[in-house]
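This report refers to the structure that appears directly beneath it.
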Amino acid sequence: MLTILFDGIAYGMLLFILAVGLSVTLGLMNFVNLAHGAFAMAGGYATVILMNGYGVPFLGSLPVSFLAAAAFGLVLERLLYRRMYQRSHLDQVLFSIGLVFMAVAATDFLMGSQQQIVRLPDWLRGRVEIAGVGIGAYRLFLVIVCGALVIVLQGILSRTRFGSQLRAAVDDTRVARGLGIPTGRIFAATFAIGSGLAGLGGALGAEILGLDPTFPLKFMLYFLIVVTVGGTATISGPFAAAILLGIADVAGKYYVPRLGAFIIYIFMLAVLILRPNGLFVRGGGR
Amino acid sequence: MRSATASAREKARQAVADATRWQTPELAFWAVAIAAIFLFPSRHLLLNEIAIVGLFALSIDLILGYAGIVSLGHAAFFGVGAYTAGLLAKAGIGEPVAGLAIAAAVAAAVGFATSFLVIRGSDLTRLMVTLSVALVFVEIANRFESITGGVDGLLGISMGPILGLFEFDFGGTTAYCYSLAVLFGMFLVARRLVRSPFGTSLRALKENRLRAGAIGIPTARRIVTIYTISASIAGVAGALLAQTTAFVSLEVLDFARSADGLLILVIGGSGYLYGGLLGAIAFALMRDALSSLTPAYWMFWMGAILVALVVVGRERVVAKFAAAVDRLRGSGS
Amino acid sequence: MFRRHMIAGAIASVLALGGIAPAAAQDAVKIGLILPMTGPFASTGRQIEAAVRLYMAQHGTTVAGKKIELVLRDDTGTPDVTRRIAQEMIANERVTFLAGFGLTPLALATAPLATQAKKPMIVMAAATAMITEQSPFIVRTSFTLPQATVPMADWATHNGLKRVATLVTDYGPGLDAEKAFKERFARDGREVVADVRVPLRNPDFAPFLQRVADLKPDALFVFVPSGVGAQFMKQFQERGLDKSGVRLIGTGDLTDDDILNEMGEPAVGVVTTHHYSASNPSAVNKAFVKAFRAANKNARPNFMGVGGYDGMHVIYEALKATGGSTDGEKLVGAMKGMSWQSPRGPVTIEASTRELIQNIYVRKVERVDGELYNVEFATFQAVADPAKKR
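Residue numbers (our numbering), protein chains in the order written: chain A, 1 to 286; chain B, 287 to 619; chain C, 620 to 1009.
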């Protein structure tokens, strides 16, 4: 029972790291970035290449996967995304799905279509017993890393100057710009960090979710679910949503396996019907 | 006073009449669609697919372009139509037109039942609500394997001749003519609908929901109505696919199908009814040409075209292409 | 704007539709190869394409005086697209053979066309047993899941495994495997303690494996589509199932040669039954593996690849036997009863079912020369598909 709960939390944490960047770009720039998963994939592949090709240890490759995806995000933001902020949602969808197609085919061309496998160090394999509850070592590691990230993110948002500028820009971009906040630079930085987090999520998630060129398409839905249920105004919203989803999904599949795949969708429908703007929204939301 | 009302009414009637008049490019479009039967005898199967996808995109246009409702789950109705038609044919009702009518009715019923979910909410919420409805349908179809065949698909569909007269042939000629006729029929319905006072009130609703409510338009009821009609048309498209390919599988309900439908509509432009049709032609031909050139990596070029389309601007791409064609024609003659 | 769209669209359409004019040489025999080349099952398509091209490179492109032309198309793994492409290939390209078919629904959607047009349809991958029953023109060069599963059940019985749980992916082949295993195992008086089904689109095995862990069976029989095996095996180990004494057994899809080497330690010691391993010691196979690796950046052939390779063999030999005839019935007739030495071992196409009779090997994952291989250590000779009534 507790094992299932823990598995659900770990899965939820992973979803959160993967989706949080999307939530911020959507909230901040009102930009529907379906290509978010492509950055996650970039991070995942960066880890695989580093580990299998250059013998970099797993822990060492994680920051690199963050940086690689962030750099990738920053370049694309400056080159392409920037021009899309003022466009209609539908144009943004078309644009970002085009990017996904390109990313899928290019990855396939460069890396092949087979599953990529991350070889974990020994201390992350296997299982530990804590108070009689069997817990996968890697899942424990996920919970610790992701938990720390959540605290750091929340700290940045609420304590730093960048954080308050970001929150101001999310609340009202025009007024923020009027007050002299460099919104363009904040957009770029946020986009890069969001992409980097996705990349880190891709690297961490390759072990559990698998990694192949169709990754961005396969998991697009999950990201969107987290963001929609959690709302886009805060960090805690998507976080709570991701954890809830993770637990609901894992527990559902464990207790009623024949209905397993339904649970996550029914759950989302119920939330959206009751709270059309997401579970955790300040005021009216968007 | 009375005469003023009368003349206003007359004006309105005139406006509607003007709006429903057929224009030359429209006539040309349908003329080309019919001429394609003779011009490209070897491509009828692809044309059939285009007609079906076009009809599906048209159904999305009705809700997106005219009522402002985005949907990522329209495949739910496409799939319901397809399974209805497939199951009917399997049960011995092999006459396609009857199957089509029943599929339309069933899809409309499902559309009506789910329409209440999209009355409220932001774009994103609606996207996700429609999406989850479609995903639930996929799971239902997967679960009820004994009826739907599950992942393996619905086997053993044998279609009778259309109206007892026209057999489906191997080259797809009957299929294309049939789909085109149905597409045209549905198009007429949609065209009449959006240019009627009902359509005008929808557009008012799309522009500003509050204001539309304030001048007495029953907004919720309008949305329910148009959503139901749109679902029904999507169901017809699905039924056409089931009937012309004699096979139904879970992919008819797939998320990718909803996404493609939306993509096609966005490529062609929404809100003038032809967007879905033109988008379907462009999308299908691009994919067909690219995937026969590089079967493994066509997605890259497809993506590049989409990105270019948005970055450069759809209007400019089309304008440039038209200019290039003009030049070609100029030098040719 | 509308007018612009119209004109541009019309011209582009004419170009695109008219651009592909099928012009076949008089003495050409075309093979329409339809595979999932993009999407989640792309690796199946790549393996088969590589093997097919290898066969053609090795055996030339002229058979019985006819020039062989390959027409490859991507169906993205969507049945209605497969069917449309097959139909166009028959009607426009005038192909003599249809081949490929990566997944069961893709083959099922196309089967009626093969019957209608009387074209031999060579199924090189899809493995649900009932496929060949859908058309008398279908010949299969891969395997069927019952064929690979029943020997596993027998092996489990002989090795004293009494309580076994099954875990399969919830679609045609998975259900086939589950059914075959249960029936055979029950016949021997043993007990299947749980039958867990995992959705096809399932990112995380955790809850399903936890169910198995709670039951503590002697062994877990697994079928997952090739590619997913790696993820599965890691989570199996992570959950500590290996340490608590649950043996992992399955069909060879689990330890797919394509990615086996990257799976690393968790895979070592896993016992599977299958019709092909890249480490098969025969000379035919050694030559095949060497040539395949040379032509494909050192990638290892897997069972998909061998299905494509043997499929081409069947096509070539049938053409030779009929003197280059393009008559579908004659060609299928020539394929029935055909025997040859495949890289997987000796095989025969059973005339009544159009399925391969082939050896099923029991293999164990071991490290050989620094790479992981499925090493064959026992053989079930000449196994016919047990799911067919005879």
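For each residue, glycine too, the CB sits at the ideal point set by N, CA and C.
Status (buried if at least 16 other CB within 10 Å, exposed otherwise) for residue i
i         : result
His678(C) : exposed
Lys909(C) : exposed
Asn993(C) : buried
Gln114(A) : buried
Gln165(A) : buried
Lys685(C) : buried
Val951(C) : buried
Asp875(C) : buried
Met1(A)   : exposed
Glu335(B) : buried
Val480(B) : buried
His893(C) : buried
Phe402(B) : exposed
Ser432(B) : exposed
Arg963(C) : buried
Ala640(C) : Note that Ala640(C) scores a pLDDT of 46, beneath 50, so its modelled location is shaky; the value from the coordinates is reported in the next line. Answer is exposed; the Cβ neighbour count stays below 16.
Inter-residue spacing [alpha-carbon to alpha-carbon] between residue i and residue j
i         : j         : result
Ile346(B) : Asp833(C) : 48 Å
Ala886(C) : Ala849(C) : 8 Å
Ser465(B) : Leu79(A)  : 43 Å
Gly397(B) : Leu341(B) : 16 Å
Pro213(A) : Ala198(A) : 16 Å
Ser896(C) : Tyr980(C) : 8 Å
Ala642(C) : Glu712(C) : Only weak support is given to the placement of Ala642(C): the predicted model assigns it a pLDDT of 48, under 50, and the question is left unresolved by the model.
Arg286(A) : Ser408(B) : Unreliable positioning characterises Arg286(A) in this predicted model, as indicated by a pLDDT of 38, which lies under 50. The coordinate reading is nonetheless provided below. The straight-line gap from Cα to Cα measures roughly 7 Å.
Pro57(A)  : Gly562(B) : 51 Å
Leu5(A)   : Leu358(B) : 32 Å
Ala105(A) : Phe586(B) : 5 Å
Val318(B) : Phe326(B) : 11 Å
Arg295(B) : Arg275(A) : 43 Å
Ala726(C) : Ala745(C) : 7 Å
Gly196(A) : Tyr45(A)  : 13 Å
Val984(C) : Val93(A)  : 46 Å
Glu802(C) : Leu780(C) : 15 Å
Asn904(C) : Asn917(C) : 15 Å
Leu673(C) : Met923(C) : 14 Å
Glu752(C) : Thr972(C) : 8 Å
Distance between beta carbons of residue j and residue i, contact taken as under 8 Å
i         : j         : result
Ala387(B) : Ala528(B) : Ala387(B) to Ala528(B), Cβ: 14 Å. No contact.
Arg702(C) : Phe533(B) : 6 Å
Met743(C) : Gly926(C) : 4 Å
Ile49(A)  : Leu200(A) : With 8 Å as the limit, Ile49(A) and Leu200(A) do not qualify as a contact, their Cβ atoms being about 15 Å apart.
Asp540(B) : Val424(B) : 7 Å
Asp789(C) : Leu819(C) : 6 Å
Ser444(B) : Ala375(B) : 7 Å
Opposing strand residues paired with residue i [DSSP bridges]
i          : result
Asp875(C)  : According to DSSP, which records beta bridges pairwise, Asp875(C) is partnered with nothing at all.
Thr870(C)  : Thr892(C)
Met740(C)  : Leu717(C), Ile757(C)
Gly964(C)  : Ser961(C)
Tyr980(C)  : His893(C), Thr998(C)
Phe452(B)  : Ile448(B)
Gly651(C)  : Val690(C), Leu717(C)
Glu969(C)  : Paired residues: none, contrary to the question.
Glu810(C)  : Arg782(C)
Arg1018(C) : Look at the range of chain C in this structure, 620 to 1009, and you will see that residue 1018(C) is not part of it.
Val682(C)  : Lys685(C)
Tyr992(C)  : Glu985(C)
Leu599(B)  : It should be noted that the sequence gives Gly, not Leu, for residue 599(B). Note: Gly599(B) sits in no beta bridge, so no partner.
Against chain A, which members of the segment 790-815 of chain C pass a CB distance test of less than 8 Å?
Within the segment 790-815 of chain C, the qualifying residues are Val815.
Note down, in chain order, all residues in the segment 101-114 of chain A with a beta-carbon under 9 Å from any beta-carbon belonging to chain B.
Per Cβ criterion, the list reads Phe101, Met102, Ala103, Val104, Ala105, Ala106, Asp108, Phe109, Ser113.
Of all the residues that make up the segment 528-553 of chain B, which are near chain C by a beta-carbon distance shorter than 7 Å?
Taking 7 Å as the cut-off between beta carbons, the residues of the segment 528-553 of chain B near chain C are Thr531, Ala532, Phe533, Ser535, Glu537, in sequence order.
With 8 Å as the C-beta to C-beta threshold (strictly closer), list the residues of the segment 990-1008 of chain C near chain A in chain order.
Listed in sequence order: no entries.
Against chain A: residues of the segment 877-906 of chain C by CB proximity under 7 Å:
The segment 877-906 of chain C vs chain A, Cβ under 7 Å: Asp877, Ile878, Glu881, Met882, Gly883.
Short-range partners of chain C found in the segment 288-318 of chain B, where Cβ spacing is below 7 Å:
Cβ contacts with chain C come from Pro311, Ala314, Phe315, Val318.
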